[in-house]
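Peer 1: Take a look at this one; I'll ask things after.
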């Protein structure tokens with residue numbers, strides 16, 4: 003490794019690692035998390051939910067199939083950094099349009115390779131998600147700790163990644179019965195594959211900013227409202243929570259990830275930050291209504307507090323089999339439901355795509371989880 007290419011990773015407790023840089027060579031102050039997926043680094047990089055985070059990939063070889071133009075989850079990624087064991091600079095993939103490093107350099111995403119990602123992952127697992135500085139090797143661990151002491155996580159991620167204008171995506175397929183639907187999607191950092199999944203089922207999707215009010219939603223006259231995934235603490239997204247309160251009982255509502263937390267907060271439940279979150283494509287979740295297990299794709303730091311559910315009118319529909327955290331809720335009377343994981347996962351398990359079909363059934367007038 004050339005000295006000019008060295009990068010130092012400094013955790014807030016002073017732990018330090020030195021590796022080789024790729025992508026952007028910027029200095030970054032971020033939140034350190036890990037992801038256990040074996041594939042899908044492009045979707046991870048382009049998922050707005052990773053805004054201001056440095057993601058450690060537990061799978062060792064990253065970059066081997068490059069980047070293609072079709073699988074991005076957003077047009078401008080906002081992740082901060084990617085930390086890997088071995089970066090593959092020469093991808094082999096007929097769909098590849100650029101290398102991972104070229105993509106990361108274009109969007110100012112820092113890369114570090116050649117460090118022990120197993121050790122860093124264990125550190126996060128035992129200590130919890132933490133602040134991290136990725137910088138020049140000339141910066142000492144002691145200096146890094148002082149820099150991180152004077153920095154804190156932002157609370158404006160959703161406003162930064164949400165659309166600034168109303169955008170409509172027409173259906174790409176028409177159902178056999180010819181029945182199409184119109185959904186207003188509140189964009190808190192939405193993955194594009196969510197739109198693709200709904201378009202393929204005959205749903206016209208109108209994407210609106212995170213701080214849209216009830217009057218604008220009513221003007222659009224939707225059949226249902228969707229609450230998207232996104233980054234950060236759900237309690238920071240007050241305008242969206244207030245919108246969902248105003249939506250109660252007026253339209254069928256479906257929320258994913260941050261949208262699940264926002265829906266729960268709107269009914270009076272509470273959220274809390276997990277020690278190190280859930281990120282990966284292999285998390286088992288139990289549907290407590292059907293008693294079936296789904297293997298799911300996940301990416302979240304916060305969860306709905308079980309003890310806060312009483313008196314909200316919400317019913318727990320799904321639980322995480324690893325730690326028993328809430329993974330889904332519904333309000334049957336208001337035709338509202340949400341899940342913490344990602345049924346649109348790409349790549350990832352397809353066990354949970356039935357939830358989009360359920361949304362359609364509810365918009366048709368059917369009952370939730372009937």
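Numbering (this note's numbering), first residue to last: 3 to 372. Where is the CB? At the ideal position from N, CA and C, for every residue including glycine.
Would the beta-carbon of residue 160 fall within 7 angstroms of that of residue 234?
Peer 2: Closer than 7 angstroms, so yes.
Peer 1: Looking at chain D, is there any beta carbon in it that lies within less than 7 angstroms of the beta carbon of residue 167?
Peer 2: The structure shown contains no chain D, having only a single protein chain.
Peer 1: Name the two residues that bound the continuous alpha helix (DSSP H) containing residue 106.
Peer 2: Element bounds for residue 106: 102-108.
Peer 1: Just to confirm the assignment, what range does the alpha helix (DSSP H) spanning residue 259 have?
Peer 2: Unbroken run through residue 259: none, as it is neither H nor E.
Peer 1: Quick one: what's got a C-beta closer than 6 angstroms to residue 208's C-beta in the same chain, skipping five residues either side?
Peer 2: Result list for residue 208: 170, 186 and 222, in chain order.
Peer 1: Does DSSP put residue 311 in a helix, a strand or coil?
Peer 2: Residue 311 falls in the coil class under three-state DSSP.
Peer 1: Residues in the same chain with beta-carbon distance under 6 angstroms from residue 142, minus the five sequence neighbours each way, listed in chain order, please.
Peer 2: Cβ within range, chain order: n/a, list empty.
Peer 1: Taking the C-alpha atoms as reference points, what is the distance between residue 136 and residue 29?
Peer 2: Cα to Cα, the separation comes out at about 6 angstroms.
Peer 1: Could you tell me the distance, in whole angstroms, from the CA atom of residue 275 to the CA atom of residue 263?
Peer 2: For residue 275 and residue 263, the distance between alpha carbons rounds to 11 angstroms.
Peer 1: Count the other CB atoms within 10 Å of the CB of residue 295; is the residue buried (16 or more) or exposed (fewer)?
Peer 2: It is exposed - the Cβ of residue 295 has fewer than 16 other Cβ atoms within 10 Å.
Peer 1: Kindly indicate which residue of 329, 365 and 308 has the alpha-carbon position closest to the one of residue 288.
Peer 2: Comparing Cα positions, the closest option is 329.
Peer 1: Could you say if the segment 29-41 and the segment 124-135 meet the contact criterion of at least three C-beta pairs nearer than 8 angstroms?
Peer 2: Judged by Cβ distances under 8 angstroms, the segment 29-41 makes contact with the segment 124-135, as three or more pairs qualify.
Peer 1: Taking residue 329 as part of the beta strand (DSSP E), name the residues at either end of that continuous run.
Peer 2: Run containing residue 329: 328-333, per the beta strand (DSSP E) assignment.
Peer 1: According to DSSP, is residue 4 helix, strand or coil?
Peer 2: The predicted position of residue 4 is uncertain, since its pLDDT is 45 and thus under 50; no value can be drawn from it.
Peer 1: Quick one: grab the DSSP three-state call for residue 29.
Peer 2: Three-state result, residue 29: coil.
Peer 1: Give me whichever residues DSSP pairs with residue 56 in a beta bridge.
Peer 2: In DSSP, residue 56 forms a bridge with 34 and 83.
Peer 1: Extract the residue ranges of the alpha helix (DSSP H) inside the segment 211-295, only unbroken runs of 4 or more that lie entirely within it.
Peer 2: With a minimum length of 4 residues, the continuous alpha helix (DSSP H) runs that stay inside the segment 211-295 are 216-222, 240-249 and 260-268.
Peer 1: Over what stretch of residues does the alpha helix (DSSP H) that includes residue 194 continue unbroken?
Peer 2: That run of the alpha helix (DSSP H) goes 194-202.
Peer 1: Residue 362 lies in the beta strand (DSSP E); which residues open and close that run?
Peer 2: Per DSSP, residue 362 belongs to no beta strand (DSSP E); it is in the alpha helix (DSSP H), 356-365.
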